[in-house]
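Here's the structure, in structure tokens; my notes come after.
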Amino acid sequence: MAARSKFSNDLWFNAAAFGGSAVLGVLLNLFIVRYHDAAALGVFNQVYAVYILLSQLAVGGVHLAVQAIAPRELQAGRSYDAGLTATLLLSGLSS
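Right, here's the structure in full:
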């Protein structure tokens, strides 16, 4: 039951973070439109889309691999400190 409670808690936290990001994104767009014109909003959205794409390419899926490997290593009773350090270095250097 504790695992289900943690899952539910994490799910709600993730949904709240996603919702918060959506609200902030809309507010940022409204701010740009209010103080600039539609062309500035278009440029901002294009630059932001390229930034998001390049940031995903930069990490190369390392974050997804860590999410798959870390629980398996921890469940087996092995420390994952070296793996986490390597992940942070790879992600930091490639960004």
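Residue numbering for the sequence shown follows this note's numbering, beginning at -16 and increasing consecutively. Note that CB positions come from ideal geometry on N, CA and C, so glycine has one too.
The three-state secondary structure of G2, taken from DSSP, is helix. The beta-carbon distance between V16 and L24, rounded to whole angstroms, is 5 Å. This is short enough to meet the 8 Å contact definition.
A53: member of the alpha helix (DSSP H) spanning V45 to Q58, first to last residue.
Taking the CA atoms as reference points, A51 sits about 42 Å from A21.
For Y31, the enclosing alpha helix (DSSP H) begins and ends at A21 to V42.
The C-alpha of H46 is placed about 27 Å away from the C-alpha of F27.
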